[in-house]
Every structure is written in structure tokens, then in C-alpha cells.
Amino acid sequence: MKHTFAVLVENSPGVLSKVAGLFSRRGFNIESLVVSETEDSSTSRMTIVVEGDNRVLEQVGKQLNKQVDVIKVNDITNEETVERQLCLIRVSADQSTRQEVLQITEVFRCRVVDIGRKSLIVEATGDEAKMQAIIRSLWPFGIMELVRTGKVAMVRGERNKGK
Amino acid sequence: MKNGAQYIIDFLLKKEVEMVFGYPGGQILNFYEYLGKSPLKHVLVRHEQGGAHAACGYARATGKPGVCLATSGPGATNLVTGIADAYLDSIPLLAITGQVNLNDIGKDSFQEADITGIVTPVTKHSYLLESLDTLPEILDEAWQVATGGRPGPVLIDVPKNLFLAEGEIADSRQTLHTRKVKKADRTEELMPKITEALSKAKQPLILTGGGVVTAGACDLLIKLAEETGIPVVNTLMGKSAFPADHPLALGMVGMHGVAAANLALSNCDLLLCLGTRLSDRVTGNRRQFLEKACIIHVDVDAAELQKNVDANYCLQLDARLFLQRILDEGHFKKNGDIAQWHQQIDRWQQEHPLPTDFSGLIKPQEVILEAARQAGSKAIVVTDVGQHQMFVAQYYPISRCRNFLTSGGLGAMGFGLPAAMGAAFGRPGEDVLLFVGDGGFQMTLQELATIREHNLPVKVIILNNSTLGMIHQWQDVVFKKHYVASNLPPLPDFVKLAAAYDIPAVIAATREELSQAMEFVLKTEGPVIADFRVDKEEMVLPFILPGGKPEDMLGRWQGETHLRSFSRK
Numbered sequence: 082m083k084h085t086f087a088v089l090v091e092n093s094p095g096v097l098s099k100v101a102g103l104f105s106r107r108g109f110n111i112e113s114l115v116v117s118e119t120e121d122s123s124t125s126r127m128t129i130v131v132e133g134d135n136r137v138l139e140q141v142g143k144q145l146n147k148q149v150d151v152i153k154v155n156d157i158t159n160e161e162t163v164e165r166q167l168c169l170i171r172v173s174a175d176q177s178t179r180q181e182v183l184q185i186t187e188v189f190r191c192r193v194v195d196i197g198r199k200s201l202i203v204e205a206t207g208d209e210a211k212m213q214a215i216i217r218s219l220w221p222f223g224i225m226e227l228v229r230t231g232k233v234a235m236v237r238g239e240r241n242k243g244k
Numbered sequence: 025m026k027n028g029a030q031y032i033i034d035f036l037l038k039k040e041v042e043m044v045f046g047y048p049g050g051q052i053l054n055f056y057e058y059l060g061k062s063p064l065k066h067v068l069v070r071h072e073q074g075g076a077h078a079a080c081g082y083a084r085a086t087g088k089p090g091v092c093l094a095t096s097g098p099g100a101t102n103l104v105t106g107i108a109d110a111y112l113d114s115i116p117l118l119a120i121t122g123q124v125n126l127n128d129i130g131k132d133s134f135q136e137a138d139i140t141g142i143v144t145p146v147t148k149h150s151y152l153l154e155s156l157d158t159l160p161e162i163l164d165e166a167w168q169v170a171t172g173g174r175p176g177p178v179l180i181d182v183p184k185n186l187f188l189a190e191g192e193i194a195d196s197r198q199t200l201h202t203r204k205v206k207k208a209d210r211t212e213e214l215m216p217k218i219t220e221a222l223s224k225a226k227q228p229l230i231l232t233g234g235g236v237v238t239a240g241a242c243d244l245l246i247k248l249a250e251e252t253g254i255p256v257v258n259t260l261m262g263k264s265a266f267p268a269d270h271p272l273a274l275g276m277v278g279m280h281g282v283a284a285a286n287l288a289l290s291n292c293d294l295l296l297c298l299g300t301r302l303s304d305r306v307t308g309n310r311r312q313f314l315e316k317a318c319i320i321h322v323d324v325d326a327a328e329l330q331k332n333v334d335a336n337y338c339l340q341l342d343a344r345l346f347l348q349r350i351l352d353e354g355h356f357k358k359n360g361d362i363a364q365w366h367q368q369i370d371r372w373q374q375e376h377p378l379p380t381d382f383s384g385l386i387k388p389q390e391v392i393l394e395a396a397r398q399a400g401s402k403a404i405v406v407t408d409v410g411q412h413q414m415f416v417a418q419y420y421p422i423s424r425c426r427n428f429l430t431s432g433g434l435g436a437m438g439f440g441l442p443a444a445m446g447a448a449f450g451r452p453g454e455d456v457l458l459f460v461g462d463g464g465f466q467m468t469l470q471e472l473a474t475i476r477e478h479n480l481p482v483k484v485i486i487l488n489n490s491t492l493g494m495i496h497q498w499q500d501v502v503f504k505k506h507y508v509a510s511n512l513p514p515l516p517d518f519v520k521l522a523a524a525y526d527i528p529a530v531i532a533a534t535r536e537e538l539s540q541a542m543e544f545v546l547k548t549e550g551p552v553i554a555d556f557r558v559d560k561e562e563m564v565l566p567f568i569l570p571g572g573k574p575e576d577m578l579g580r581w582q583g584e585t586h587l588r589s590f591s592r593k
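As you go down the protein sequences, you meet chains A and B in turn.
All residue numbers for the first sequence refer to my numbering, where the first residue is 82 and numbers rise by one.
All residue numbers for the second sequence refer to my numbering, where the first residue is 25 and numbers rise by one.
Following this line, the structure appears as C-alpha cells:
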């Protein structure tokens, strides 16, 4: 099963390699990992999606917690969250198919960010399910290139600082 | 105004570090310049690996953190085995390495190695010092990390120019470490349940690991065992946690555990695990470990709970705090049910004792028993790694905490001699008995020079079977007598080798010579080397093959001459 960990870490050199190294040497599978500075420039937030059974996930949390640079680990899988990924897709679209492709991008509320004679670049944001739906819909036209970010996530509702 | 080197030295002195084990080199020479002018004692080892192991031996014998020094590149990489050993055995170790100038990092400069990267998987944390301003915080935090919670190694890499950089260095501010969010404490919730389970159990057993030694909780463990009447088994690392001559002591469990201890383990209905990570050497098949018994697991490191074994109750707590708490809480009474359990264990002990009657060539066990007979149970005993290590763990009765030093988790051959040296430095006036194989001794014997220089009372007892004993045993049992690369001859003449280092030596090849040779070892002042020629065909038994269960242990049961699984009649 896939789990999402929100990990607050010190914004110090080497912290990414320490966390990534921890995953590889303990045999944990990273599905995706996104890291960036937070509102406080001395900390970074990692959003890590991990695949594994309950035993593995418990170990992931505990081993992360042991790292000196890790301040807080939250498994937010079962919390109500807003999740987003961003995806850029270069899709083949000539005179005959362009209209149809544009319609699909509209349905998914994607943006077309570049247009060539034979292709378009589509920018899509959303959660995992939406990404898959877009990719599936554009697939028949010929996806020439695709890049995706990992998932970033935030828990809904008021932020409870003491928790 | 202080420079980086002076600041580090003052910090170590402030922390009451007695000595550092090190080896100089280009990038750390500036540090040595100031070290030489300070009251801090420096021990010049003959190889950086020896320095790391010696610092670990010192830490294991005293409970205080060990400190080792090395230069950049090869000096630093030579520390790695010792650092990994400290990591797996939870030994507080501070390693300080020199690094090329800050500006030269990343240019593949002469003697440059990314040591903080290299040691990341085997340290609790590692630091590359990037400015003088952060030095106080880094030192403070490194010390806290190395000694706090579950202890372990920490490395600080200091670029050459920062040893010399001068500045007004402010005192340490709040360290990064303290920003961590505390987890909820489950002690209050779990304690009544644990006490109840303990008093209800009919066949309870305590398994002690090295965590009890680290926590300095040996006295409380004895108290708990005596109040409850619960027998105690130990892991390899927990060997000195409970006195071997105590009536409730059953000895070591696991792959080479003694039979009665392993049988008690597989038949108990409750196992209280204190300060142990329940390694594969203890559990065998971790999925099937004690499926029917109630397992209570107490460890200071939350990540060890539910890692290898599913326990019924898990409590993240230092062993001393736990024992104090349960002794305050519990009103234990020894009930009649436990008496039956004791009788059962007595029977196992009588039916399957460790062999003590030997004939033919000298057996390694005899040498260990003779050493114990003459030196007593209060000596500091150090081992290297291999067959002799297991024989010592089985046979040598240790009665005091921190008197058994061994490379448990990493199993690093070559650990013995430098670790014994560190122990001798840490506990002056006490003899240190080192049991070492002819293989492991040859890995780090350069430290004989350091031992000679300081006239340390390290008694090197070589159990010389002219083979890599444990490899020989495995190739015998598992690989059907196909011996590959396990024969060591030509061996050096260890007596002549001793003479080259100006160390007295003795050799014993027959049973008649054994006791006299041991007398020479123990009566000679300072270092001594003894070459005991022992039978290479002697196996460490019982032997649980990897993934096996305690009752599957191989042995020569009921006087049989062939190996048989205990459970197969």
C-alpha cells in the first residue's frame, strides 16, 4: 500500500542525501520524493510517497525520526489532504487532431503552454487519479515526452501548531 | 581569540576526555600542533583502524565516550571499520578527521575523501564543518548525539584552514537537536499491563542485551530477577549484564547459545526483552520467533521496537528507567508455578551441559576454562571474532558489568587487540585478557608496538588452530567439508614475533603445558603473548543454522559422535 509522509527537516547540507540513503540501505521503496524550503527558511518539507506493508511503513517513520536533521514525521495518508502533482506533456497534435486534443485539455482544465506545428505542450496539475486520467486520454494521440513532479500535500483545515 | 584547533581541544578537555587515539597526517597537522601544547593525552596508534577500535574498547570498558583522530583521505577511510563496529554495538564514539581546505573540497585534491558521505550509513550523524561560527554548536550537538539515547558514533570533518582560522567564537546557542518533537510516553499506560503479564506467566524468561550494560542497569536487573525468580538469558552483547555465577543465569542464547538457554527461550510463555534489538543471531527465523509466547520489548530506540519481531507490548524506555519503574511498581511473589519451570530448566542444564571433559589435542574451551580458573571472573575479557569468541561467550564466567568486550553486531575481525589496548588505557591497574584467533590477530597486530610503548597489561591469548576456525566449521557442516581459503599456514612464529616487539611470550602445545603457560601469562607484568596450539576440528556447538529455531540446534546430543538437530530424535 502507498503511504504519504510529510517530513519536516532542517534545511542543512546533506539532508536530502541522508534521507535518500536511508531509504535505499533499509530497502524501502520510494515512489516519489519532493523537497523544498518551507515558510521558515531554516527548514525544508519533504513529501515522500512510499510503497510497503504496515511493518515497512512503521520502520520508515521510526528510522526517519532517528535522523538528527529530521524534526517531525507525519504519516498523512489517512488525513484529509490537498495533494497536487504537476505534469508537462508534449502531445502530438496536427491539423486533424489539434481540436480534439484541445477539448480534452479543457475538460481537465489543463493549460496549453506551447504550440508547435505538430505538437502541443500541456501543463496539468492535480492529484494522482487526475494525472492518470489525463495521460490515458492523451495517450491515443501520441505522447512524445512527459515529465512529472512528485506529489506535494498539505493537510486540510486549521493548522494545529501544538500537535 | 582561539582558533578552531584550540576550541576543539578545550571542548574535549571540558568534557573530561582523558585521551584521544590518533594518527597524524597532512590535513590534521595543524590540530596536532596545538594538541602537543595542551594537557590532553594523545595515544599514537599504529594504524587508524586501531585508533577507532581502541577508542571503542576504551568506551566499552569505561562507559565514557571514546575519541579518535585521523587525517583526511586514507586516514579517515581507515577509521570506517571501527566506526561501523561502534554503530552496530551502540558505542559512544567521537571521530574527528582532518579535511582538505574548504576551497579545495570537491576538486579531488590530494588525500581528499568525502568521509561524511562515506560514514553516513554507519554513524548516528556526521558533520562537515563549514565555518568557525558553527563549531560550538556542532561540537555540543555531536557530543549529545554520540552519548544520548542509544549511543553511537559521530564524525566531525574539519577542513585544514578551519583548524587555523581564528575568531571570537560565541558559546553554543540552542542546538538543532532540541527542535525534535517529543513522542508521547506510553510508560504509564503500559506499565500495569507489563507487571500483570509478568506475574501471571508460568514460564517467564528475561532476555538481556547490551542496552542493560549501556544503561548501567546491571544491579537493577539482578534485583528484578531475584524478586521475581525469573531466570535470565543473555545475547552476546548482554553477556556482562548479569553475573554468570548467579543461580538464575542460564547463559547465552542464539546461534551458538548454550542448550539450556536456547531451550528455555523456545519454551517460555513470556519473554521480557531488555535493551536488545533481537538480531537474527538471536531469533533465527524472525517471523516464527516465539509465536505463542507473550513478548515484552523494552528498548531506548523506538526504531528497534517491532523491527525484527512482533512484540505484544513495546515500550521505548531506557533499561535503567524501566527496571527502576517496574521494581517500584511490582509486588511480585514467587508462585509455585515458577518452581516447576525452574525444575524443567534444571533438568535441561543437567542433561545438556557444555562439555568440560576433553582429550586428544588441546581444545580451545580448555584454554578458556584454565584462564578463568586462574584469573577469576573479575578480569576484563576481550575477544576478537570467530570460533574463539563464541567459546569465550559460552565458557568464560563474567561477573561484572563492562567486563566482556566483543565486536557483536559487526563481527569485525581485528577488533580484539586494539580494543583490549583501549580497555587497558581506560581501566589502568586491571589486567586485560584478550582471546584472539591466529587469523584475527594478524589483522591488527601492529598495535603491539603501541602496547609495548605504554607497557599495557594486555594478555594476548592466541587460540591458534592454524585455520579460520568459523569458516572451517561452516565449510565442514554447510559446504560438506569443501575447505576453501580457510587454511592459514604459513603462520608467523608468534614467539619470535613477540620478541621482535620485545614482548615476553610462551607457547603451549600439550595439555601438560597448559596450566603452566597460563600461569606465565598471568604472572608476567605488562604485555605478554601466549600461543596455544588448539584442535582445529573442534566445533562451536550448539549450532543453529541461519533461519533455524532454537530447538533445531545442531549438537552432539546424549554422547553421540555425529551432529544431530535437537528436535529430531
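Think of the CB as a built atom: it goes at the ideal place given N, C-alpha and C, for glycine as much as any other residue.
The DSSP assignment places 482-488 as complete runs of the beta strand (DSSP E) inside the stretch 471-528 of chain B, in order along the chain (cut-off: 3 residues). Comparing C-alpha distances from residue 503(B) to each of 569(B), 440(B) and 465(B) shows the shortest one belongs to 569(B). Taking a beta-carbon distance threshold of 7 Å, residue 236(A) does not count as an interface residue toward chain B. Counted as a single uninterrupted DSSP element, the beta strand (DSSP E) harbouring residue 92(B) occupies residues 90-94. Here residue 118(A) is exposed, its C-beta having fewer than 16 other C-beta atoms within 10 Å. Residue range 110-118 is occupied by the beta strand (DSSP E) that includes residue 118(A), with no alpha helix (DSSP H) assigned at that position. Between the alpha carbons of residue 395(B) and residue 472(B) lies a distance of about 21 Å.
Straight through space, the alpha carbons of residue 136(B) and residue 281(B) are spaced by roughly 45 Å.
Of all residues in the stretch 320-344 of chain B, those with a C-beta nearer than 9 Å to a C-beta of chain A are 325, 326, 327, 328, 329, 330, 331 and 334, reading in chain order. Residue pairing by DSSP puts residue 206(A) in a beta bridge opposite 167(A). Counting along the chain, the unbroken beta strand (DSSP E) around residue 155(A) starts and ends at 151-156. Residue 31(B) sits in a helix when the DSSP states are folded into three classes. Sequence-ordered contacts of the stretch 494-512 of chain B with chain A are nonexistent [C-beta pairs closer than 7 Å]. Residue pairing by DSSP places residue 150(B) opposite 179(B) in a beta bridge. Within the model, the alpha-carbon separation for residue 522(B) versus residue 469(B) is close to 10 Å. With its beta carbon less than 7 Å from one in chain B, residue 139(A) belongs to the interface. Within the DSSP bridge table, the entry for residue 102(A) names no partner. Residues of chain B whose Cβ lies closer than 7 Å to the Cβ of residue 144(A) are, in chain order, 327.
Every unbroken stretch of the beta strand (DSSP E) spanning 3 or more residues and falling wholly within the stretch 340-414 of chain B is given here in chain order: 404-407.
With a threshold of 16 other beta carbon atoms within 10 Å, residue 134(B) falls short and is exposed. Nearest C-alpha to residue 341(B) among 210(B), 286(B) and 269(B): 210(B). Counting C-beta pairs closer than 8 Å gives fewer than three between the stretch 231-249 of chain B and the stretch 210-221 of chain B, which falls short of the contact rule. Legend: CB atoms of the stretch 118-150 of chain B lying less than 9 Å from CB atoms of chain A belong to residues 140, 141, 144, 145, 148, 149 and 150. Within chain A, the residues placing a beta-carbon under 9 Å from that of residue 204(B) are 146, 149, 151, 152 and 153, ordered along the chain.
Taking a 10 Å sphere around the C-beta of residue 84(A), we find 16 or more other C-beta atoms and assign the residue as buried. Proximity of the stretch 221-235 of chain A to the stretch 163-173 of chain A meets the contact definition, three or more beta-carbon pairs being nearer than 8 Å. Distance from the CA atom of residue 206(A) to the CA atom of residue 86(A), rounded to whole angstroms, is 20 Å. Where residue 258(B) is concerned, the enclosing beta strand (DSSP E) starts and stops at 256-258. Taking C-beta atoms as the reference points, residue 487(B) and residue 448(B) fail to come closer than 7 Å. The stretch 101-114 of chain A makes contact with the stretch 124-131 of chain A, as at least three CB pairs between them are under 8 Å. Contact between residue 148(B) and residue 152(A) fails: their C-beta atoms lie close to 16 Å from each other, not under 8 Å. Close partners of residue 136(A) in chain B (Cβ separation under 9 Å): 330, 331 and 334.
Taking every protein chain shown into account, the CB of residue 65(B) has fewer than 16 other CB atoms within 10 angstroms, so this residue is exposed. Ranked by Cα distance from residue 385(B), the first of 227(B), 397(B), 81(B) and 538(B) is 538(B). In this structure, residue 118(B) and residue 89(B) form a Cβ contact; the two beta carbons are roughly 6 Å apart against a cut-off of 8 Å.
DSSP places residue 539(B) within a helical segment (H, G or I) once states are collapsed to three.
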